[in-house]
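Be aware that the sequence shown starts at 1, since it is given in UniProt numbering, and climbs by one per residue. Where a beta carbon is used, it is the ideal one built from N, C-alpha and C, also for glycine. Please read all numbers here as calculations on a predicted model, not as lab measurements.
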Amino acid sequence: MESSMSEVERSNHELFMERCIQIAQGGLGNVAPNPLVGSVVVCDGRIIGEGFHAEFGKSHAEVNAINSVTDKEQLKKSTLYVSLEPCSHQGKTPPCADFIVAMGIPRVVVAVRDPFPEVSGQGIARLLEAGIEVIEGVLSERAMEVNRRFFTFQLKKRPYIILKWAQSLDGYVDIERLPGDDQKPIWITNELARAVVHRWRSEEQSIMVGTRTVELDNPRLSVRDWRGKSPIRVVIDRTLRLPADANVYDEVSQTLIMMGNNSGSASRRQLFLNRPNIEMVTIDFSRDIEPQIMEVLYQRSVQSIIIEGGPQILESFISRNLWDEARVFIGRKLFNSGVRAPVLLAQPITEDRLFDSILYTYRNV
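Shown next, in the form of structure tokens:
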């Protein structure tokens, strides 16, 4: 933000940009691989229009905000605030920068530039060419935080990685169980925590588990206790040994099977080839599989993933320092023995109590 700006101006800009960032989050879970964007139109110190990008392929935040203004004549003396640089390229929708120019808006305040190469400063350049005043850098860190999935994907060329698990008070994620022994998992958390997990699933593009988790729990990995779309399921099955009727292969959402070269018989592979929601992906298990899986997802424009287990997979991502966020529930139960929880050498940034469970959130900084 310009250093010559008065404190009053700075405060006003931040107030309206905070509103942009707030409403941008209304698109979480529905706009990827696009970013979350919010926008407000301000005239004479008052918001006269606002909008956010609500769904991939639909109109962008700036267009929705401008279209919500009743008296379009007011636009000629208004300021448009937007939490991310307006796009300047033709995608599924026309360029927002051109629309802003056409509507005669004299000033635009932008939180942060778009890291996407097809925009990356070109949207701002288009506005400046048209004689529009542009102010940049208002609450830029806040805007990047809300769009951390998008920025990670664009800058690190991989999905934003969230680790998630629940552990007992004495540090176990499960009792000792074996596939086929009919022992059910012991719930560590409460119903509220489980609803929160389903909300998280609705917000991210993909979710991953390993072979043993499917064998022990036969999870659906879908969204049931919350509104929203179920994420793409990523299942590690090196030898293609999991049963074809496992819940992760139902038609609720797409499933990617990460398997080794020449895994399974031809007839076994045929079971999955005929199912439109299942894709078999070959990776090299003689090398580290974690970056390979992230590359597979990156090539499919998947911007975020929740890794739900088991502990061996979680530990492998931790040991390679390949994670961005961890969400760990601590329940009140004591197991005394069992499967040890992963260990994070980090301090939580937040602590939230959900009745008898505590949720710790970590960031890899």
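Expected contact under 8 Å - CB spacing of residue i and residue j to nearest Å
i      : j      : result
GLU62  : SER78  : Incorrect: roughly 12 Å between the Cβ atoms, too far for contact.
LEU256 : VAL234 : 5 Å
ASP356 : ARG332 : 5 Å
GLY121 : GLY210 : At roughly 42 Å, the Cβ-Cβ gap does not stay under 8 Å, so GLY121 and GLY210 are not in contact.
ILE21  : VAL41  : With a Cβ gap of about 16 Å, ILE21 and VAL41 do not count as contacting.
HIS60  : VAL138 : Between VAL138 and HIS60 the Cβ distance is about 19 Å, and since that is not below 8 Å, they are no contact.
ALA143 : VAL112 : 5 Å
LEU80  : ILE100 : 6 Å
ARG238 : SER263 : 7 Å
Check whether residue i and residue j have beta carbons under 8 Å apart
i      : j      : result
ILE207 : PRO185 : no
ARG107 : GLU129 : no
TYR160 : ASP324 : yes
PRO33  : GLN303 : yes
ILE358 : ILE162 : no
ASN218 : ASN247 : yes
ARG220 : VAL252 : yes
LYS164 : SER202 : no
LEU334 : LEU169 : yes
VAL110 : GLU136 : yes
LEU75  : VAL69  : yes
LEU192 : LEU354 : yes
MET258 : ILE283 : yes
GLU215 : ILE305 : no
SER114 : LEU155 : Looking at the sequence itself, residue 114 is Asp, so the reference to Ser does not match. It is not a contact, given that the beta carbons lie outside the stated cut-off.
ILE330 : GLN167 : yes
ARG269 : LEU297 : no
Three-state class that DSSP yields for residue i in the structure shown
i           : result
LYS184      : coil
THR213      : helix
LEU354      : strand
SER140      : helix
THR361      : strand
GLU295      : helix
ILE349      : coil
GLY123      : helix
VAL223      : coil
THR152      : helix
ALA195      : helix
residue 369 : One cannot answer for residue 369 here, as it falls past the ends of the chain, which runs 1 to 365.
LEU344      : coil
GLY27       : helix
ARG201      : helix
ARG320      : coil
LEU128      : helix
ARG332      : coil
SER68       : coil
ALA246      : coil
ARG10       : helix
LEU15       : helix
GLU251      : coil
ARG98       : As written in the sequence, residue 98 is Asp, which differs from the Arg given in the question. If DSSP states are grouped into helix, strand and coil, ASP98 belongs with the helices.
ALA61       : helix
GLU118      : coil
CYS87       : coil
LEU314      : helix
LEU75       : helix
LEU273      : helix
Identified DSSP bridge partners for residue i
i      : result
LYS164 : ARG327
LEU256 : VAL234 and GLU279
TRP134 : The residue asked about is misnamed: residue 134 is Val in this sequence, not Trp. Bridge partners of VAL134: VAL108.
PHE52  : GLY38
VAL82  : SER39 and VAL110
VAL339 : ASP174
GLY45  : GLY45 pairs with nothing; no bridge assigned.
SER304 : TYR160
GLY309 : VAL209
Residue i: CB within 7 Å of a non-hydrogen atom of the ligand COA
i     : result
THR79 : This structure lacks the ligand COA; in fact it carries no ligand of any kind.
Within 8 Å, do at least three Cβ pairs link the stretch 285 to 294 to the stretch 190 to 198?
Too few Cβ pairs lie closer than 8 Å, so no.
Taking contact to mean at least 3 C-beta pairs separated by less than 8 Å, is the stretch 117 to 127 in contact with the stretch 83 to 100?
Yes, since at least three Cβ pairs between the stretch 117 to 127 and the stretch 83 to 100 fall closer than 8 Å, the two stretches touch.
Are the stretch 302 to 321 and the stretch 276 to 290 touching by the rule of at least three beta carbon pairs closer than 8 Å?
Per the Cβ contact rule, the stretch 302 to 321 is in contact with the stretch 276 to 290 (3 or more Cβ pairs under 8 Å).
Count the CB pairs spanning the stretch 167 to 183 and the stretch 333 to 353 that are closer than 8 Å, and state whether there are at least three.
Two segments are said to touch when three or more pairs of C-beta atoms, one from each, lie closer than 8 Å; by this definition the stretch 167 to 183 touches the stretch 333 to 353.
For the 8 Å Cβ check, are there 3 or more pairs between the stretch 14 to 34 and the stretch 52 to 60?
The stretch 14 to 34, when compared against the stretch 52 to 60, does touch it at the 8 Å Cβ threshold.
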